[in-house]
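Here's the structure we're looking at; comments come further down.
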Amino acid sequence: MKRNKFLFDTHALIFWNNNEVVTEEFINFFDRHALQGNLYISSISFWEIALLVKKGKIKMENVELWKSEILTNTNIRLIEPTVSEMINSTLLTDHHKDPFDRLLISQANNNGLFLVTKDKEICTYDVKTFWI
259 MKRNKFLFDT HALIFWNNNE VVTEEFINFF DRHALQGNLY ISSISFWEIA
309 LLVKKGKIKM ENVELWKSEI LTNTNIRLIE PTVSEMINST LLTDHHKDPF
359 DRLLISQANN NGLFLVTKDK EICTYDVKTF WI
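Reminder that position 55 of the sequence shown reads as 313 in my numbering, one-by-one numbering, no gaps.
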């Protein structure tokens, strides 16, 4: 039986890890998938979070510590973007201007992952998305 695997959009990662803005069903669903090794985070999400903290758009004391705790305390897998994924992200139609989201779309497609996102613009692309 094939198991679904999921790549968190940056906001989904923050919501899940901090137990905020999402339902208990969302938390429990992804907690189970984390235990099974079915959850992925792109390294670019930590870059995006660090930039958002620097701009004052989100509050976080220490992004490096937060990242280390997630990777140490969960069974979530970190994926790095490949050069091909970076190039392919630039070839997507221009529905969405955010380079982070475009790269997440490319990574999800290249790795056969559902992209966990609430972003309606992402849903206009040919990418499997998921939200509870």
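Here a beta-carbon is modelled for each residue, glycine too, at the ideal position from N, C-alpha and C.
Pull the bridge partners of F288 from the DSSP assignment, please.
Answer is none; F288 lacks a bridge partner.
In the structure shown, what three-state DSSP assignment does K263 receive?
Correct three-state label for K263: coil.
On the DSSP bridge list, what partners appear for S300?
DSSP lists I337 as partners of S300.
Among E278, R261 and I316, which one has its Cα closest to the Cα of Q294?
Ranking the options by Cα distance to Q294, first place goes to R261.
When you compare only the Cα positions, how much space is there between T340 and I390?
Between T340 and I390, the C-alpha separation is close to 29 Å.
Residues in its own chain within less than 8 Å of H353 by CB, not counting five upstream and five downstream?
Excluding positions up to five away in sequence, the list reads E379, T382 and Y383.
Take L350 and list the residues in its own chain whose beta-carbon comes closer than 6 Å to its own, dropping the five residues that flank it on each side.
So the list reads R360, once near-sequence residues are dropped.
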